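Residue numbers (the working numbering): 1196 to 1582.
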């Protein structure tokens, strides 16, 4: 307990070889070191007349009480006599320390755990090997990220350059679309004027037909009057017949012209409707053109920013790759140290036998400390009664 600082629980004092002078009424015993920080300043012993009394919760409670008691001893000035006793104990420990030098040189304080150390070293080698493999994988991923970041930066830079170069061409095309809108508007107005002219021609042709009909009627009346006049009206009848024939030709020509003008008017109407649709289609070209230019500018800015981010990512990945390289070198060094530690652990196992020969002197020094331990026990009980 003095070396480990751990609690000692004895369920049956009569059968435990560590207890030689316990009273007969004592069947169970628990000894708890009084520790303040890393320093053991005393021992708390609890005795009971029954066997196997102190269990896990009881020991935990006793440990808690021991910690509180050690704190109280330190806070109060009862610590002074305990320190004097500990000093006496320290003097007696000189012999113990000198006897333990052979143990310290051969195996140190961990000679009894050589097997555990060896297993730990083997586990350490496995962990180092796994860490080295993981580092290699991370380094490979880092290199790929660096390469991908560089390629992404180049692609973004190329896209930004292409967008910037094509912006002038797109702007020129948009200008032509805007000019086309103006042309469509003017052409639509001209076609509408043509429709109005065709309607006027239709009215004019209708007037010609009315005049032809009236002329035909007058020629018919003149022919009737010439017939009544007999031979005196024969020449007039010939003229009237010629006038009637010309009137019929005029009416026929006016009819054909009217049909032609109606066909032209119909076609002009279709053209007007198509021009109206075209004007509607190109009506928002200016707004769309402005939005397209803004979107193109946004694309240029976004690709520039993406290029910057990709370059930073590539740079960071490059630095990370270098860091992984340094880490890989360190892990290699740790692996070498782990191999060396395994060899040293085997050597410690060999020296553990040498350490056993120093235990005889250690037992003699321990018996000399029994009186001091009794004093410390008495003092500890005094502290317990004060608490």
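Glycine included, C-beta positions come from ideal geometry on N, C-alpha and C.
Please read these numbers as outputs of a predicted model, since none were measured by experiment.
Distance, Cα to Cα, residue i vs residue j?
i: residue 1436; j: residue 1449; result: 20 Å
i: residue 1273; j: residue 1260; result: Caution is warranted here: a pLDDT of 48 is assigned to residue 1273, below 50, making its placement in the model unreliable, and the coordinate value is therefore given only provisionally. Going from the Cα of residue 1273 to the Cα of residue 1260 covers about 17 Å.
i: residue 1434; j: residue 1420; result: 12 Å
i: residue 1384; j: residue 1391; result: 11 Å
i: residue 1238; j: residue 1214; result: 15 Å
i: residue 1302; j: residue 1539; result: The predicted position of residue 1302 is uncertain, since its pLDDT is 46 and thus under 50; no value can be drawn from it.
i: residue 1516; j: residue 1506; result: 15 Å
i: residue 1532; j: residue 1219; result: 55 Å
i: residue 1458; j: residue 1382; result: 20 Å
i: residue 1398; j: residue 1461; result: 15 Å
i: residue 1233; j: residue 1202; result: 14 Å
i: residue 1305; j: residue 1208; result: Model confidence at residue 1305 stands at a pLDDT of 49, short of 50, so the residue's coordinates are unreliable; what they give is reported in the following sentence. For residue 1305 and residue 1208, the distance between alpha carbons rounds to 29 Å.
i: residue 1455; j: residue 1400; result: 11 Å
i: residue 1426; j: residue 1432; result: 10 Å
i: residue 1417; j: residue 1453; result: 28 Å
i: residue 1206; j: residue 1212; result: 12 Å
i: residue 1518; j: residue 1510; result: 12 Å
i: residue 1521; j: residue 1508; result: 20 Å
i: residue 1377; j: residue 1353; result: 36 Å
i: residue 1369; j: residue 1393; result: 36 Å
i: residue 1528; j: residue 1536; result: 12 Å
i: residue 1402; j: residue 1424; result: 33 Å
i: residue 1524; j: residue 1339; result: 20 Å
i: residue 1497; j: residue 1374; result: 30 Å
i: residue 1345; j: residue 1367; result: 34 Å
i: residue 1256; j: residue 1545; result: 41 Å
i: residue 1264; j: residue 1229; result: 7 Å
i: residue 1444; j: residue 1430; result: 21 Å
i: residue 1262; j: residue 1240; result: 13 Å
i: residue 1335; j: residue 1371; result: 53 Å
According to DSSP, which residues form a beta bridge with residue i?
i: residue 1447; result: DSSP output for residue 1447 lists no bridge partner at all.
i: residue 1237; result: 1229
Since residue i contacts residue j with CB under 8 Å, what's their CB separation in whole angstroms?
i: residue 1227; j: residue 1258; result: 6 Å
i: residue 1223; j: residue 1246; result: 6 Å
i: residue 1404; j: residue 1446; result: 6 Å
Could you tell me the boundaries of the beta strand (DSSP E) in which residue i lies?
i: residue 1230; result: 1223-1231
i: residue 1214; result: Premise fails: residue 1214 is in no beta strand (DSSP E) and is neither H nor E.
i: residue 1203; result: 1203-1205
For residue i, I'd like the list of residues in its chain whose CB is within less than 7 Å of its CB, leaving aside the five on either flank, ordered along the chain.
i: residue 1389; result: 1463
i: residue 1415; result: 1439
i: residue 1442; result: 1407, 1410, 1411 and 1414
i: residue 1299; result: Here the model assigns residue 1299 a pLDDT of 48, short of 50, so the residue's position is not dependable, and the following value carries that caveat. Cβ neighbours of residue 1299 beyond the five flanking positions: none.
i: residue 1396; result: 1456
i: residue 1266; result: 1231
i: residue 1386; result: 1463, 1466, 1467 and 1470
i: residue 1204; result: 1225, 1249 and 1254
Since residue i is in the alpha helix (DSSP H), which residue starts that stretch and which ends it?
i: residue 1244; result: Premise fails: residue 1244 is in no alpha helix (DSSP H) and is neither H nor E.
i: residue 1149; result: With the chain running from 1196 to 1582 in the structure shown, residue 1149 is simply not present.
Got a sec? Which residues, its chain only, sit under 6 Å from residue i by beta carbon, not counting five neighbours each side?
i: residue 1269; result: 1231
i: residue 1579; result: Confidence in residue 1579 is poor, its pLDDT being 47 and thus under 50, which makes the residue's placement unreliable; the coordinate value appears in the next sentence. Excluding positions up to five away in sequence, the list is empty.
i: residue 1242; result: 1221 and 1224
i: residue 1253; result: none
i: residue 1248; result: 1223
Consider the Cβ of residue i: report whether some Cβ of chain B lies at a distance smaller than 8 Å.
i: residue 1377; result: You won't find chain B in this structure, because it holds only one protein chain.
Would the beta-carbon of residue i be found less than 7 Å away from any heavy atom of the ligand ZN?
i: residue 1513; result: The ligand ZN is not part of the structure shown, which contains no ligands of any sort.
Starting from the C-beta of residue i, find all residues in its chain whose C-beta is less than 8 Å away, skip the five residues before and the five after it, and write them out in chain order.
i: residue 1210; result: none
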